[in-house]
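What follows is one structure encoded as structure tokens, with my remarks underneath.
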Amino acid sequence: QPDTKGRRQITELSGHWKTWLDSSGPESSIAVSVPHNWDDYYGYRQLTHGNMHGTAMYVKDFTADIKSGKRYFLRFDGVGTYATIKVNGTDFGRHPVGRTTLTLDVTDAMKQGTNRLEVKAEHPEMIADMPWVCGGCSSEWGFSEGSQPFGIFRPVVLEVTDEIRIEPFGVHIWNDEKAVNVFVETEVKNYGKATETIELVNKLSNADGKQVFRLVEKVTLAPGEMKVVRQQAPVEKPVLWD
Numbered sequence: 002q003p004d005t006k007g008r009r010q011i012t013e014l015s016g017h018w019k020t021w022l023d024s025s026g027p028e029s030s031i032a033v034s035v036p037h038n039w040d041d042y043y044g045y046r047q048l049t050h051g052n053m054h055g056t057a058m059y060v061k062d063f064t065a066d067i068k069s070g071k072r073y074f075l076r077f078d079g080v081g082t083y084a085t086i087k088v089n090g091t092d093f094g095r096h097p098v099g100r101t102t103l104t105l106d107v108t109d110a111m112k113q114g115t116n117r118l119e120v121k122a123e124h125p126e127m128i129a130d131m132p133w134v135c136g137g138c139s140s141e142w143g144f145s146e147g148s149q150p151f152g153i154f155r156p157v158v159l160e161v162t163d164e165i166r167i168e169p170f171g172v173h174i175w176n177d178e179k180a181v182n183v184f185v186e187t188e189v190k191n192y193g194k195a196t197e198t199i200e201l202v203n204k205l206s207n208a209d210g211k212q213v214f215r216l217v218e219k220v221t222l223a224p225g226e227m228k229v230v231r232q233q234a235p236v237e238k239p240v241l242w243d
């Protein structure tokens, strides 16, 4: 993809993974694509543990073209249930992921060419700090429908951004009664080593592409600083849903 200023590059790390259960060892690894789920469920079962429990390792080698002035993030959209993540041997910790999304800044661990991503997915019994893990482990004994899969069960994405970026889930939009005013909050962070001033632009258009309003604000961010920028605009003759 073109290396355009301000353009976010998204690469799905979907194919050519190897995975194995800790109980079996790496010699029993199989080739899979992500998303992947170790649990076959076997339909509805009223068992003490209606889901498969255990620990699985996932390993993938991928290539990256490292450029100065860019930041590299890994986004996990769903891992059942805890994920311990390493990039080229650098440990990024153990995280309760489940059905939520985890984004990690892995820039300092990345290298030109081939990189190795390792994920340990743990789905133990009797999890108490995450929802929807195993119906058999909860007070609703035997209710396993909707429980979490075991493994990397949603996409893994490599995001390449500028050093100043909008944070994950960093845009919040709402309106007052009858949409007389629209409010926008945008969370931006400077991952670089220099203070910079950027121009934040939020634009609202109708379905036909006609611009309703355009909000522009200059924001100065010190190294490592995060700001929530609040903007609002009146809307003349808003087109409501009903």
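The numbering used here numbers the first residue of the sequence shown as 2 and each following residue consecutively.
Each residue gets a CB set at the ideal place from its N, CA and C atoms; glycine is no exception.
Note the first and the last residue of the continuous beta strand (DSSP E) segment covering K1.
No statement about residue 1 is possible, as the shown extent of the chain runs from 2 to 243 and does not include it.
Verify whether the separation of the beta carbon atoms of V158 and R72 is less than 9 Å.
Here the question's residue 158 lines up with position 157 in the sequence shown. Here the question's residue 72 lines up with position 71 in the sequence shown. No. Outside cutoff.
Please name the residue, chosen from F63, A65, R155, K228, that lies closest to T187 on a Cα-to-Cα basis.
Counted from its first residue, the sequence shown places residue 187 at position 186. Minimum Cα distance to T187 is reached at K228.
Check whether the Cβ of D106 sits closer than 8 Å to any heavy atom of the ligand NAD, and report yes or no.
Among the ligands in the structure shown, none appear at all, so the ligand NAD cannot be discussed.
In the DSSP assignment, find the unbroken beta strand (DSSP E) run with H173 in it and report its ends.
Numbered from its first residue, the sequence shown carries residue 173 at position 172. Segment 165-176, the beta strand (DSSP E) holding H173.
Keeping to the same chain, check which residues put their C-beta closer than 8 Å to that of A32; ignore five residues upstream and five downstream.
Looking up residue 32 in the sequence shown gives position 31. Cβ within range, chain order: H17, W18, K19.
Restricting to runs no shorter than 3 residues, where is the beta strand (DSSP E) found entirely within the segment 64-143?
71-77, 80-88, 91-99, 103-106, 114-124
Just to confirm, is the Cβ distance from T85 to V35 under 9 Å?
Along the sequence shown, read from residue 1 onward, the residue named residue 85 stands at position 84. Along the sequence shown, read from residue 1 onward, the residue named residue 35 stands at position 34. No, Cβ-Cβ distance for T85 and V35 is not below 9 Å.
With DSSP as the reference, identify every bridge partner of W21, one or two as the case may be.
As a working mapping, residue 21 is identified with position 20 in the sequence shown. Partner(s): M58.
Could you tell me which residues DSSP puts in a beta bridge with E218?
Sequence index remark: in the sequence shown, residue 218 carries index 217 (1-based). DSSP output for E218 lists L201 as bridge partner(s).
Among the candidates G210, Y192, S15, V134, whose CA atom is the shortest distance from the CA of S69?
As a position in the sequence shown, residue 69 is number 68, starting the count at 1. Measuring from the Cα of S69, the nearest candidate turns out to be Y192.
Quick one: measure Cβ to Cβ for E168 and V189, integer angstroms, because I've assumed they're closer than 8 Å.
Taking the sequence shown and counting its residues from 1, one reaches residue 168 at position 167. Taking the sequence shown and counting its residues from 1, one reaches residue 189 at position 188. So it is a contact: roughly 7 Å between Cβ atoms.
Closest by CA to R9, which one among E28, R166, L241, C138?
Position 8 of the sequence shown, counted from the first residue, corresponds to residue 9. Considering only E28, R166, L241, C138, the residue with the shortest C-alpha distance to R9 is R166.
Alpha carbon to alpha carbon, what distance is there between K179 and W242?
Locating residue 242 in the sequence shown gives position 241, where the first residue counts as 1. Locating residue 179 in the sequence shown gives position 178, where the first residue counts as 1. Taking the straight line joining both Cα atoms gives about 10 Å.
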